[in-house]
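Colleague: Residue numbering for the sequence shown follows full-length UniProt numbering, beginning at 1 and increasing consecutively.
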Amino acid sequence: MNDFTTVVFVLFISTVIVYVLVSRTQQKRRLEKIGLRTEGIIVDLDFDRWSRISVYHPVVRYQTLDKENVRRRYSVGTYPSYFEIGEKVIVIYNKDDTDDFILKKIH
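#1: On the DSSP bridge assignment, give the partners of Gln63 in chain order.
#2: Between the region 83-96 and the region 40-52, can you find at least three pairs of beta-carbon atoms closer than 8 Å?
#3: Exposed or buried, what is Pro80 when buried is set at 16 or more other beta-carbons lying within 10 Å of its beta-carbon?
#4: Closer than 8 Å by C-beta to Asp44: which residues in its own chain qualify, once you throw out the five before and the five after it? Chain order, please.
#5: Are the CB atoms of Thr64 and Val70 within a distance shorter than 8 Å?
#6: Within the same chain, show all residues whose beta-carbon is closer than 6 Å to that of Asp100, passing over the 5 residues directly before and after it, in chain order.
#7: Alpha carbon to alpha carbon, how far is Leu103 from Tyr74?
#8: If you count every other CB in all the chains shown that lies within 10 Å of the CB of Phe83, and 16 or more means buried, which is it?
#9: How big is the Cα-Cα spacing for Thr15 and Phe47?
Here's what the structure looks like:
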């Protein structure tokens, strides 16, 4: 790669990272303000490999306040995993869209 291509690549990756961080922060603030809270349990860790990066996405099971049983893969993955199978967590979800949720550790 020449210098210009390297600079463009780094700027592109940096922009994507900033966009993802801002989007996740906005989602977290919105859900903490309007979301419903319930307890869930991590039932699986879904291993995902992108190029040279490997991450674990927790799979959570929870029951909505309307008694709907939900099992969802969390969009945020980490390596090593931030959660463990069997760990109880707080799920904050959008009552109109159970795919829109965040997880928090119980301390």
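Idealized CB from N, CA, C, for every residue including glycine.
Modeller: Let's see:
#1: Asn69
#2: yes
#3: Exposed: under 16 other Cβ atoms inside 10 Å.
#4: Pro58, Val59 and Ile85
#5: yes
#6: Asn94, listed in sequence order.
#7: 8 Å
#8: buried
#9: When rounded, the distance between both Cα atoms is 26 Å.
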